[in-house]
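Have a look at the structure below before the remarks.
2 protein chains.
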Amino acid sequence: MTLRSLARYLPILDWGRTYGRGALGNDLLAALIVTIMLIPQSLAYALLAGLPPEAGLYASIVPILLYAVFGTSRTLAVGPVAVVSLMTAAAIGTIAAQGTVGYAMAALSLALLSGLMLLAMGIFRLGFLANFLSHPVIAGFITASGILIAASQLKHILGIEGGGHTLVGILWSLGENLGALSLWTLFIGLAATGFLFWVRRGLKPLLLARGLTPGVADALTKAGPVAAVVVSTALVWGLGLQDRGVSIVGAVPQSLPPLTLPSLSPELLRQLLVPALLISVIGFVESVSVAQTLAARRRQRIDPDQELIGLGAANLGAAFTGGFPVTGGFSRSVVNFDAGAETPAAGAFTAVGLAVAALMLTPLIHYLPDATLAATIIVAVLGLVDLSILRTAWNYSRADFAAVSVTMLATLVFGVEAGVSSGVLLSILLHLYKTSRPHVAEVGLVPGTEHFRNILRHAVQTDPTVLTLRVDESLYFANARFLEDYLSNRVAGETALRHVILMCSAVNEIDLSALESLEAINTRLAEMGVKLHLSEVKGPVMDRLQRGHLLEKMTGQVFLSQYEAYQSVSGLQASAAQ
Amino acid sequence: MTLRSLARYLPILDWGRTYGRGALGNDLLAALIVTIMLIPQSLAYALLAGLPPEAGLYASIVPILLYAVFGTSRTLAVGPVAVVSLMTAAAIGTIAAQGTVGYAMAALSLALLSGLMLLAMGIFRLGFLANFLSHPVIAGFITASGILIAASQLKHILGIEGGGHTLVGILWSLGENLGALSLWTLFIGLAATGFLFWVRRGLKPLLLARGLTPGVADALTKAGPVAAVVVSTALVWGLGLQDRGVSIVGAVPQSLPPLTLPSLSPELLRQLLVPALLISVIGFVESVSVAQTLAARRRQRIDPDQELIGLGAANLGAAFTGGFPVTGGFSRSVVNFDAGAETPAAGAFTAVGLAVAALMLTPLIHYLPDATLAATIIVAVLGLVDLSILRTAWNYSRADFAAVSVTMLATLVFGVEAGVSSGVLLSILLHLYKTSRPHVAEVGLVPGTEHFRNILRHAVQTDPTVLTLRVDESLYFANARFLEDYLSNRVAGETALRHVILMCSAVNEIDLSALESLEAINTRLAEMGVKLHLSEVKGPVMDRLQRGHLLEKMTGQVFLSQYEAYQSVSGLQASAAQ
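Spelled out as structure tokens, the structure:
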């Protein structure tokens, strides 16, 4: 195997060979910025997944290193992300109680399964499966997840207990425990949330107005969560609020990521199978779309199948080093990109930075209130909520609207797994339904051209002895009988009719069921003294027809173009010759 | 509501008004022939379904009357049929033991559920759902069912106990009980089977050679089972074989169909839900294809949605009169048709004939051996077995072959429900897979025409500044990203390229996901200085595009025809003007 072909599977061999001082400087700077941003984010997503805070740091270290070796994106930053963390909590929450060893073990097993599935999909080149998550389903799911995530964090803002994995469940649980409200927690939570929203919306314009460069303004804005963490930690420590009902992060071990072994209990793995599949596919779709967006800006290419391998390796890394399922994150990748990262080495440096943080800085976050982390989550995920997709889809098509709204509703009401599954299923069913009742246009010749169009939409020339139908769909089992019925109804009582031409420009396939139908149509038309012709049959379809018996039995001919067919069977030529 | 519009829902009002003496004579004769044929057949299918023999008679009386009122076929004969009886046995066999009251009650409940489902599908015009049973799936299923049915009857030929609903299960059970073999039963069984095969294959040519008219020869051939019944019954009675291990039909009540109430136990109905759905759909597909074949021969029309109502009513009738699930049968309908039946009144007369038989003739079949009934079933169902579909499908397409063979294998190995379900699922998945990786042709102008074809298959004219791609598939979520990737790879390094035309003659839909992809393609091409054009966009697709933002953002134009597009953007016009 040459280095070049090996580099396809180990992209590091590609960029690593030419790595120079310029790239090193840029990558180091980007890594510094991303590390600062990732510390609170990692802690927060661990909280969202129901895991101890250090799990968030661990999940950001080894996975990012492995992705740097196997991934094809130059700037994707891999680690815990909001939606996958929510799905993790939903998957494990029904199996083990939060805070138990079983819960953390289940998270490792979930990362293991997800890693293996992603690797398998990459090796067998099954990346196309992700295409079945349509745009409306993804958009609906992300928006609903954002709402669910924000709702799930309200308990930390209120300082009460809470649970549930559906909107109703979460709100109900909040209502039940509202009596135990902690005012100090609420104060910190609201202040942090308000501050972070202001940072997001109001700070940058202000800084720009004060004359700062966009780059500096951006960096300061991104540091908002760090400021909130520092201030609220200091407040709790200074006032001793941990004794007044404010829940804090507490003791976090000072350690590099530990070596962990996921539970391999068959019963547990069986329960995690479906969640792991959904997490893998959702994580992959999110990650690859971020990677492609960023790659396109620098004219780089992403190989989706190799991405599966990169993400698979990252998740296996998470499984064996105390993490939980990870994927490429939108915000961290954009920060990395904007900070000037040139190669995956930036990711490796980020990993080093986080490892240092895990080893040295954890005592500093002892007094960090959960409410602050919840605030960073809420502010981050509300950016995911985009209800305008409902209007866009409604305007475009009812089927797309149905997919968006059902996904959104099912996610909110029944939870993340039901949401994704029902969205995908509905999209497929609607597609099948549409193709089972195809649009059929009766076409005629556009005068002065050789072009044929719908007689209802264009002023065209026709001949009463010739009926030309353009079926706007591949002919396959789901619509084979539809065409039979359509033709029976259409030709009944047409006494002048002598020729039926099926214009096959939109027929991309004719399967065995449709072939049977065409033979039946041919026989029935023959009994009425009408010939059946085909025109504009495409190469691949023609190849197949030649292997069946239709062409031998057909009363008419197959014409290269519709114009040729029309000229040949209608009186056009005859009258032109007179 | 006028009589004419009412007649749509009550077809009897249509043919009943003009019913005359000529039709009456023909119908009476046909009814006589069908009645004689149906007596052994009804008993046999009851045996196959695991029910007492009279259930077969009852299931042929009221259902046929109700179909005569509501059905649209003039000659379809409704009653127990082989495949549905097998499915009934498979569905109930796991719930109750054969011979118990619970078993018979479950059969009634299954007929009730099936009747309600068929009615609902008819009322909501869901007949198109049956289209998802593709031709290969039906062919594979019927063939495998034939083999299963024949195997399930071997126990009656051998005179032993037996069970099982899969080929392995049935054969295993036979092997276990083979020690209890009854030689007299085997003698009768083999003799009857051999005789019936000879009647089917050898008798008719012999009779024709002896100078009989085809009509008489046919009638004598059809009477074969009756002869086998009479002779074997006489033999058992004469030799007292019932005491030598030959299992006989025994005492059958002399009664008109009783009024029965199906069990409404929610637990039972829940268990029967999926089997009832499959029985309904399979029964409907079988029945409607028989009805359409016969109707086409006399230029009559079948309304599939009204057929659902007719079959639904028939099954409800079976549920309340001691029957089991029924549908339109192939052999009985063909006999009815060939015997000259003109209207559904023939069915009504058949019902009267069978009622008389149930009331008067049941004592005569007391000594009828089960082996003879099993022989009539085996000979009948082996006619369903058609392994040639495997070769036909293999020659035509791998996907169709996969559907046939998986359906067949799953039916034999896992049983009827698994067989149908896996066949339908596989067909749909293969279809989705194919459409997710569409054929894309690069096309050029066929010289001397305005027609564009694949540059790889035809000698065509092209222009290095113009790339025209014909995507042979609707653009929807499953292939949206495929097109993005395809275009990125195709245009990379094409420095002369200025225009990309997507020829949309085969694009029957563009959904929201594909719209996003087209916008992304437009943007990326624009960055490379290449314009994106569309040509031959169909009316319905154009209507939709006008509701999105693509057309505003698009760098190029939408052309009515590909020829117009090519002329406009290539140097063709310019050079022609010189």
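Chains as they are written, first to last, in the working numbering: chain A, 1 to 578; chain B, 579 to 1156. Note that beta-carbon positions come from the ideal geometry of N, C-alpha and C, so glycine has one too. Since this is a predicted model, take the numbers as computed values, not measurements.
A residue is called buried once 16 or more other Cβ atoms fall within 10 Å of its Cβ, and Q41/A is buried on that count. Judged by DSSP secondary structure, S1091/B falls within the alpha helix (DSSP H) whose first and last residues are 1090-1105.
Residues of chain B whose Cβ lies closer than 7 Å to the Cβ of A478/A are, in chain order, N709, F710.
Excluding its 5 nearest sequence neighbours in each direction, Q820/B has C-beta neighbours in its own chain below 7 Å: V814, I826, Y945, listed in chain order. DSSP, reduced to helix, strand and coil, places G740/B outside both helices and strands of the structure shown, so it counts as coil. Among the residues facing chain B, H451/A is included, as its CB has a counterpart in that chain under 9 Å away. At least 9 Å separates the beta-carbon of A68/A from that of A295/A. It is roughly 21 Å from the alpha-carbon of D386/A to the alpha-carbon of F284/A. Shown in chain order are the members of the stretch 501-520 of chain A whose Cβ falls below 9 Å from a Cβ of chain B: S505, A506, V507, N508, E509, D511, L512, S513, A514, L515, E516, S517, A520. A residue is called buried once 16 or more other Cβ atoms fall within 10 Å of its Cβ, and E307/A is buried on that count. Below the 8 Å Cβ cutoff, chain A contributes no neighbours of R652/B, its closest Cβ being approximately 17 Å away.
About 7 Å separates the CB atoms of A667/B and L626/B; that is less than 8 Å, so the two are in contact. I157/A places its beta carbon less than 9 Å from that of T185/A. Secondary structure note for R453/A: its beta strand (DSSP E) is the uninterrupted segment 452-454. V78/A is a Cβ neighbour of G310/A, given a cutoff of 9 Å. Straight-line spacing of the CA atoms in G539/A and E1020/B works out to 12 Å. Assigned with DSSP and collapsed to three states, V1049/B falls in strand.
Ranking L551/A, P136/A, M360/A by CA distance to the CA of A1058/B puts P136/A first. It is roughly 8 Å from the alpha-carbon of L591/B to the alpha-carbon of L584/B. Scanning L606/B, Y587/B, W593/B for the CA closest to the CA of N914/B turns up L606/B.
For H1009/B, the enclosing alpha helix (DSSP H) stretches over residues 994-1014. Taken atom to atom, the span from the alpha-carbon of F706/B to that of Y396/A is near 26 Å.
The DSSP-derived three-state label of Q557/A is coil. For V530/A, there is no enclosing alpha helix (DSSP H), since its DSSP letter is neither H nor E. DSSP places V991/B in the helix class (H, G or I) of the three-state scheme. Classified as exposed, A251/A has fewer than 16 neighbouring CB atoms from the shown chains inside 10 Å of its CB. Non-local C-beta neighbours of D948/B in its own chain, meaning closer than 6 Å and more than five positions away in sequence, comprise H734, S825, ordered along the chain. Residue contact check for H734/B against chain A: no CB pair falls below 9 Å. Among the bridge pairs identified by DSSP, I248/A is matched with P369/A. Between F324/A and A107/A, the C-beta spacing is below 9 Å. The closest CA to that of A769/B, considering only G793/B, A758/B, G802/B, is found on G802/B. The continuous alpha helix (DSSP H) containing A812/B extends over residues 802-817. For M360/A, no beta strand (DSSP E) segment is defined, and its DSSP state is neither H nor E. Residue pairing by DSSP puts I1079/B in a beta bridge opposite T1046/B, H1111/B.
Annotation for V647/B: no beta strand (DSSP E) segment contains it, though the alpha helix (DSSP H) segment containing it runs 640-648. For L1023/B, DSSP records a beta bridge to F1030/B, Q1039/B.
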